[in-house]
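> Numbering (my numbering), first residue to last: 3 to 125. All residues carry an ideal CB built from backbone N, CA and C; glycine is no exception. Remember, predicted model here, so these are calculated numbers, not experimental data.
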């Protein structure tokens, strides 16, 4: 949280960015729910208050994350600029199948995610 909130803009001035979303892999979904929704710290028997419980964070399970231990803090949409660049536009092809008298269709498209402004994402 501290590293996320200590982001600076291009002039070196602290940027007022607050995390809104925690993205975790499928294997960390229970830990994320415990971390965000518990009133007390689950790692401490002294009923210490969970400081992340009142930050307004939500969590999302990223089923397609390639790492089982990776996590990401994401700010509001206006705080980052994640875009999908179309590397290969949509190409449609169709043909008739001689054997089954059915139509065959194929669609191919390539996209690539990229950041224009990375400051709203940490992880």
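Could you have a look at residue 72 and say whether DSSP puts it in helix, strand or coil?
Reduced to three states, the DSSP call for residue 72 is coil.
> Which residue or residues does DSSP assign as beta-bridge partners of residue 124?
DSSP lists 75 as partners of residue 124.
> Can you look up residue 105 in the DSSP assignment and give me helix, strand or coil?
Strand at residue 105.
> DSSP on residue 19, reduced to helix/strand/coil?
Coil at residue 19, not helix or strand.
> Compute the Euclidean distance between the alpha carbons of residue 108 and residue 88, then round it to the nearest angstrom.
Approximately 18 angstroms, taken between the alpha carbons.
> Determine whether the beta carbon atoms of residue 6 and residue 92 lie at a separation below 8 angstroms.
Result no, Cβ atoms of residue 6 and residue 92 do not sit closer than 8 angstroms.
> Please determine, among 16, 63, 20, the residue with the shortest C-alpha to C-alpha distance to residue 30.
It is 63 whose Cα lies nearest to the Cα of residue 30.
> In angstroms, rounded to a whole number, what distance separates the CA positions of residue 121 and residue 22?
For residue 121 and residue 22, the distance between alpha carbons rounds to 13 angstroms.
> From residue 10 to residue 97, what distance separates their C-alpha atoms?
Each residue's alpha carbon lies about 55 angstroms from the other.
> Roughly how many angstroms separate the alpha carbons of residue 115 and residue 83, rounded to a whole number?
If I take the Cα positions, the gap works out to 10 angstroms.
> Going straight from the alpha carbon of residue 125 to that of residue 102, what length do you get?
Distance between the alpha carbons of residue 125 and residue 102 is about 51 angstroms.
> What do you reckon, are the CB atoms on residue 113 and residue 86 nearer than 8 angstroms?
It is a contact, given that the beta carbons lie within the stated cut-off.
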